[in-house]
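J.: These protein sequence lines are chains U, V and W, in that order. Those letters in the first sequence? Residues 2 to 229, by the numbering used here. Those letters in the second sequence? Residues 261 to 670, by the numbering used here. Those letters in the third sequence? Residues 11 to 663, by the numbering used here. Just so you know, even glycine gets a beta-carbon here, dropped at the ideal spot from N, CA and C.
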Amino acid sequence: MTSHAAAAEGHAHEHHYTTTGLDNRKVAIWSFIGSECMLFASLISTYLIYKGRSVVGPLPHETWTDPSTGAVFKPILNIPITSASTFVLLMSSLAMVLALAAVENKDKPLPANAGWWDRQLASSKLWLWCTCILGATFLGFQAFEFTSFVHEGLTLRRNLFGSSFFTLTGFHGAHVTVGVIWLGSLLAIDYKRGLRPSDTLMVDIAALYWHFVDVVWIAIFTLVYLIK
Amino acid sequence: MTRFFRPRQLVPVLSVATLPLLFAACSGNYPNSTFQHTTEFNRDLTSLWNQMMWWGLAVFVIVETLLVYVIVRFRRRPDSPEPRHVHGNALMEISWTVAPALILAIIAVPTVRSIWKYQTPAPNGSLQIEVIGHQWWWEFKYPEHGITTANEIYLPVGRTVNFTLRSADVIHSFWIPGLGGKRDAVSNQVNHLWYTPDSVGVTGWIGSCNEYCGASHANMRFRVFTVAPADFDSWANHQKAKAVYPPPAPDTVAVRQVAAAPAPAPAAIAEGYVFPAAQRPAHVVPATPIPAGNTFTEGLTGDPQRGLAIYSRSACIGCHKIDGNPMSIGIIGPNLTHIASRATIAGGLFPNDTRHMQLWIKNARKMKPGVTMNSLGKGEFDPILKMTVTVGGLTDQEIADIAAYLQMLK
Amino acid sequence: MATAATAPAYTSSESHGATGLMSWLTTVDHKRIGILYLHTSLFFFVVGGLEAIIMRYQLMRPNMQAVSAETFNQLFTMHGTTMVFLVIMPLSAAFFNFLIPLQIGARDVAFPRLNAFSYWVYLLGGVFITLPILFGLAPDGGWFAYAPLTTRTYSPTQNMNFWVLGVQILGVSSLAAAFNFATTIINMRAPGMNLMRMPMFTWMSFVVQWLIILAFPVITVALFFLQFDRFFGTNFYTVTAGADPLLWQHLFWIFGHPEVYILILPAFGLVSEVLPTNSKKPLFGYPVMAYSGILIGFLGFGVWAHHMFAVGMGPMADTVFGVTTMLIAIPTGVKIFNWIFTMWGGSLRFNTAMKYAIALIGMFTIGGISGITHASPPSDLQQTDTYYIVAHFHYVLFGGAIMGIFSGIYHYFPKMYGRKMDEGLGNLHFWLNFIALNLTFFPMHFSGMLGMPRRIYTYDAGQGWETFNLISSIGAFLMAPAMLVFLYNFFKSKKHGEVAGDNPWDAPTLEWSIPSPPPEYNFAQIPMVTSRYPMWDITHPERTAEIPHSTKGWDEARHRSDEHILPGGGHMADMAPAHIETAAKTASELDIPMPTPTIKPLLVALGMLVMVASLLPFFAGKTSAFVVLLAIGAGTMIYSLYDWLTTPLEEAH
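1) I'd like to confirm something about P72 (chain W): is its beta-carbon nearer than 6 angstroms to some heavy atom of the ligand MN, or not?
2) I believe A96 (chain U) touches L135 (chain U) by the beta-carbon criterion, under 8 angstroms. Please report the beta-carbon distance rounded to the nearest angstrom.
3) Taking C-beta pairs closer than 7 angstroms, name the residues in chain W that F33 (chain U) reaches, listed in chain order.
4) So, helix, strand or coil for C473 (chain V), using DSSP?
5) Which of the three DSSP states, helix, strand or coil, is assigned to G464 (chain V)?
6) Looking at the C-beta of V319 (chain V), does it have a partner C-beta in chain W at a distance below 7 angstroms?
7) Go through its chain and collect everything with a Cβ distance to V649 (chain V)'s Cβ below 7 angstroms, but skip five positions before and after it.
8) Measure the C-alpha to C-alpha separation of I272 (chain W) and P292 (chain W) and round it to an integer number of angstroms.
9) From the DSSP output, in three-state form, read off G393 (chain V) for me.
10) Within 10 Å of its beta-carbon, does M93 (chain W) have 16 or more other beta-carbons around it, so buried, or fewer, so exposed?
11) Would you report the Cα separation of I648 (chain W) and V614 (chain W), rounded to the nearest angstrom?
12) I need the DSSP call for V513 (chain V), collapsed to helix, strand or coil.
13) Short of 6 angstroms in beta carbon distance, which residues of its chain neighbour G418 (chain V), apart from the five on each side in sequence? Order them along the chain.
14) Using the C-alpha atoms, what's the distance from W34 (chain W) back to T362 (chain W)?
15) Spatial neighbours of N479 (chain W) within its chain, please: CB distance less than 7 angstroms, with the 5 preceding and 5 following residues excluded, ordered by chain position.
16) Mind listing which residues of the segment 139-168 of chain W have their C-beta closer than 7 angstroms to chain V's C-betas, in chain order?
17) Can you pull the chain W neighbours of I228 (chain U), defined as C-beta to C-beta under 9 angstroms?
18) Report the residue from W:G381, W:T287, W:P111, W:I379 whose alpha carbon sits nearest the alpha carbon of N190 (chain W).
19) In the structure shown, what three-state DSSP assignment does Y414 (chain V) receive?
20) Beta strand (DSSP E) containing A586 (chain W): first to last residue?
21) At 7 angstroms on the CB atoms, spell out the chain W contacts of P327 (chain V), in chain order.
22) Kindly indicate if chain C contains any beta-carbon less than 7 angstroms away from that of N79 (chain U).
23) Closest to A147 (chain U) by C-alpha separation, out of U:S124, U:I82, U:N106, U:S93, would be which residue?
24) The beta strand (DSSP E) with T486 (chain V) in it runs from where to where?
25) What's the call for L460 (chain W), buried or exposed, on a 16-neighbour Cβ count within 10 Å?
26) Can you give me the C-alpha to C-alpha distance between T91 (chain W) and L101 (chain W), rounded to a whole angstrom?
27) Please work out which residues of its chain come closer than 6 angstroms, Cβ to Cβ, to F108 (chain W), disregarding the five sequence neighbours upstream and downstream, and give them in chain order.
28) Within 10 Å of its beta-carbon, does Q473 (chain W) have 16 or more other beta-carbons around it, so buried, or fewer, so exposed?
29) According to DSSP, is A123 (chain U) part of a helix, a strand, or is it coil?
30) Express the C-alpha separation of S183 (chain W) and V131 (chain W) in angstroms, rounding to a whole number.
31) By the 10 Å Cβ neighbour count, where 16 or more other Cβ atoms means buried, how is Q442 (chain V) classified, buried or exposed?
32) Beta-carbon separation of V406 (chain W) and G372 (chain W) under 7 angstroms?
33) Would you list the one or two residues that DSSP bridges to S427 (chain V)?
34) How long is the line joining the alpha carbons of P76 (chain U) and A630 (chain W), rounded to whole angstroms?
35) Which residues does DSSP list as the beta-bridge partners of D108 (chain U)?
36) Which whole-angstrom value describes the C-beta separation of I368 (chain W) and I338 (chain W), a residue pair presumed to lie in contact below a C-beta threshold of 8 angstroms?
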């Protein structure tokens, strides 16, 4: 039974006749990603529309002085730290690619002269671990960022910037969290029975989702952090 | 099962049923009709409507005629031959793609012209009126004259009026159907709407809120009086003055009353122009029945002097402003400086007379759903706070006094 | 027609033993789920209709006091919400479920359990949003829920919570179903069933799935903002924080306008099946009908701000949205003429389905014409938010969508139940409905243009609106007997209707090639099609002689036949050129693997609902109740979801 874990929906046969030749799950994940694009487009647009409309600080890129108390709030976005977390997430996508390749090629014998690196490349566990850990690291950065923002006076309720910023990045963080759990479940299967090339599709779908979440972050990083 | 119903018998029935509807639509008294040629705006909109309606009617007649023809002509009969199996016809399909496109292009021209014409700033010299929508009443300010009033606008015939629309809370929509299109009063946004009531008589109009805004959305009406320019000036000059009660000295009143009797004209100027109650068209006089459960002791006579004192120490002053009464400086509720000159109270829901005023003060929330103004009468049940008014509640006599005072604020 | 002799009420799950409540709670058969959708949405139709009748009673005369302002506001909010989300969309979903796999020659949908999940979420969400009206707690902010009225400041009670949470739940249902049907249509068509051979209903459904996929996330976001504002104190719509109240309107209508096409296109699809069948003629201009549907869907995303011409967007935005709105009339007009010319020269059979289909053409045209008058922004300033608009969209949604759906119900009832609905009662239902529709909504054009605003619970005497409101109310009362006749006919015909046979209307498409009601596996042999009208190819080859036939796609299918399994299970040897199936064997006799019935989708839906409902005590500050409910809901959902994901769809076969 559990051999089908995370195979989720779809008839339990490996080779299905379909009109397009693609598996149903693959078609479904693409339509799901289409839907997610609209979700993030709405969130990002809202953030951009509300940029500059907040009546109190802290603000993303500008210093704000409270007229009543004289308290000074410095620009709140920490671009160097977020650049680092962006790099981490990008690297996780790379690890994901390697994990997928490792599963896909599992039945291919290693060449006789395979070195240490070749053996590592063939390890789906290693790359899944890497993806998970890098994803979790990104979430750690986000937790740190959120905490320090709250510390500096920016909360969900503080102003329009706070509401739209935390909601947008929070939604993205929630997507990353789902992705980490998803990859974790693949890892669990890998430990339990080993992922085979016949499981490629299962990993491929998770990878598509993961890359999508990564691409969304690039958009967020550019539009929210880099553009003033 | 046999057929209950023979559709062909319906044709005469339907035509007979439709006729009175058409008659009703073409005759009768429709004071709020949007097709009145009162302003340049409404004339343009009506002409736009007419163009669209003729085209629409043409399309309607073509489609429905074809449909009826098809239904009658191609009904299956025992001897019906097997039809020809046409799968399409490119030429026909192109023609009924292009034809509507042409009609739409024709309609688009006056449409776009009107959009740009009425969304430019109002002409110089327009009468400025600031409109602020509240749940559920309208605040109107005439910055030119320094007037603040509620639920009632006076417009001089022939002068362009430029409404500047704001909202104090949720989104409302300002509409006087007889004079022109509507525009929303949106929170955190300033909108404009202008037109010139140049072809109107001296008469009254109904305005309403058109964007759903909560419990009493239906009860957010206002009155518009289009008056002669001189009368407008008289009205405005009087409205901008402070409240005339309390009078400077008791004798003056007596003297003026005596003097006024033989020569009413100067007194009328002193009072300022008010649209004569007798000339108000029927539809601007509210006919709202008093909701069940609102009662007031019969036969009480209010004393305005006492009313002034009670008003000035009661909750009233926290929300209402009366220029000339230094205690009354609230801004949440309507400005009451010249309340007695207005035709209606309560967002246009009731006529402005002593009886309605008394009931309103006693328990506004039972008179109009959801209003901000608490129930004030002693022993009254407040339907929003869900409790009975005890401490600080007003007796009927006190309410009658306050009403008497307010009725003095001409 | 061999199976007709004993045509039973619906029993298609013989191999799983079942009738009885449990079989319905655990079903994953798309046909049974379709029937569940149909019954549930008919129930909500009655609820929404009663709400309307109470409103029309209150508005029958000026200054009536039959219901309070608060109650009236709840009634119109729930009437709109119910009719859009709980009636028309799920009625369409009933047909998506029942018909799409049958029309494309598949044995199932792509994800049968997800399909069951969609239904249960819809049912539970519908109950969640409807039940509060019995306690005076129903949402009261309008079906459009404009902020800031719906924020906590101006709607401090629980009422609007049921809406913001309920609509979100219903969105999950619609989205899950849309992914499912989009995948089904893309991927599970029978060999030879290429896109330009799909029945028009499937075509329109395909467009609708994409509209749902792309439009619903936008309302999801708008709702999250409103929920966060109400529950967690964010500022998305807080006026004092500088928020733009138009943000809600833009997001809502970016969803809301495509939603209109989500409501109407399935009905367009249904009449595009009914008209050719009852005219003995193929659909006139099939490719144009398909393209115009796509174009309507595409343009539907570019016209949302025509709901906002009065908000002060500025002349440029008004111009752009006015023009795009006019453009959308073109493909719609094309459809009207193509339908008329489908009938032109035909041999028209006036059964009830046909009458409803023709009524759609006639009535939708009226709605379309009045639509043009407010596509023009200046003209709209005299129309928006008046009864003229109420008249317009009821001609579109009642005169269009509901007429089309009734047409579909009468047409497909025999396929669902093996029996026909009574034509006499159907005729009575049609005429009552048709008269009631016009009597109710036509006068509203007048009351609107004579200055009557929408959404008012009362109006003053002497405003010139009395006559029209009285007529409208009488019309609305007439809808009740119409509906009663329909319901009587529906339930009576299920058991006692005339036995229909496989193809009672002599229709051209694949769903009519199998027994009525269809066996649970739909097709014993997967049909390989050569044209748009596979049944007419067999029964009336002369009708399809002029369109191209080919076996395109067959070779590819055969090529894969060695290793592949058919859509919905079964082996390639089960494939045969389109044919009439009479065999009534069970799935196991035919060695067709069928998905195992399961209660898990229901449990996941239930867990999700409890989780969402936990926010109600949270709103009231009852933290412990919130935590308990959240834990129960999340626990049920996560456990059942795990169970679902780790259990294969079919038992080992």
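T.: Per the coordinate set shown:
1) This structure does not include the ligand MN; it has no bound ligands of any sort.
2) Yes, A96 (chain U) and L135 (chain U) are in contact; Cβ-Cβ is about 6 angstroms, under 8 angstroms.
3) Here the neighbours are F189.
4) Here C473 (chain V) sits in coil by DSSP.
5) It is a strand residue.
6) V319 (chain V) belongs to the set of residues whose beta carbon lies under 7 angstroms from a beta carbon in chain W.
7) The beta carbon of V649 (chain V) sits closer than 7 angstroms to the beta carbons of S635, L636, G637, K638, G639, E640, D642 from its chain, once the five residues preceding and following it are set aside; these are given in chain order.
8) Going by the C-alpha atoms only, they are around 25 angstroms apart.
9) Strand.
10) It is buried - the Cβ of M93 (chain W) has at least 16 other Cβ atoms within 10 Å.
11) Their Cα atoms are separated by approximately 7 angstroms.
12) For V513 (chain V), the predicted model reports a pLDDT of 48, less than 50, meaning its position is unreliable; a value from the coordinates is still stated below. In the structure shown, the three-state DSSP call for V513 (chain V) is helix.
13) Closer than 6 angstroms at Cβ, skipping near neighbours: D458.
14) Taking the CA atoms as reference points, T362 (chain W) sits about 30 angstroms from W34 (chain W).
15) Cβ neighbours of N479 (chain W) within its own chain (closer than 7 angstroms, five residues either side excluded): L69, M70, S457.
16) For the segment 139-168 of chain W, which is checked against every Cβ of chain V, the residues closer than 7 angstroms are G152, Y156, P158, L159, Y164.
17) Neighbours of I228 (chain U) in chain W, taken as residues whose beta carbon is under 9 angstroms from its own, are absent, since the nearest beta carbon is some 20 angstroms off.
18) The option with the nearest alpha carbon to N190 (chain W) is W:P111.
19) Reduced to three states, the DSSP call for Y414 (chain V) is strand.
20) Per DSSP, A586 (chain W) belongs to the beta strand (DSSP E) from 585-587.
21) The amino acid occupying residue 327 (chain V) in the given sequence is Leu; Pro does not appear at that position. Correct list: I350, I368, I371, G372.
22) Any reference to chain C falls outside this structure, whose protein chains are U, V and W.
23) Looking at the sequence itself, residue 147 (chain U) is Phe, so the reference to Ala does not match. Per the C-alpha coordinates, the member of U:S124, U:I82, U:N106, U:S93 positioned closest to F147 (chain U) is U:I82.
24) That run of the beta strand (DSSP E) goes 481-487.
25) Counting Cβ neighbours within 10 Å, L460 (chain W) comes out buried, since at least 16 surround it.
26) So the two alpha carbons sit approximately 14 angstroms from each other.
27) The residues are K41, G44.
28) Classification of Q473 (chain W): buried, given that the 10 Å Cβ count is 16 or more.
29) Three-state result, A123 (chain U): coil.
30) CA-CA distance, V131 (chain W) to S183 (chain W), rounds to 6 angstroms.
31) Checking the sequence shown, residue 442 (chain V) turns out to be Lys, not Gln. Counting other Cβ atoms within 10 Å of its Cβ, K442 (chain V) reaches 16 or more and is therefore classed as buried.
32) No, the pair does not count as a contact, with Cβ atoms beyond the cut-off.
33) For S427 (chain V), which the question treats as bridged, DSSP gives the partners V:G393.
34) Their Cα atoms are separated by approximately 36 angstroms.
35) Per DSSP, none; premise fails for D108 (chain U).
36) Between I368 (chain W) and I338 (chain W) a beta carbon distance of about 23 angstroms is seen, past the 8 angstroms cut, so the two are scored as non-contacting.
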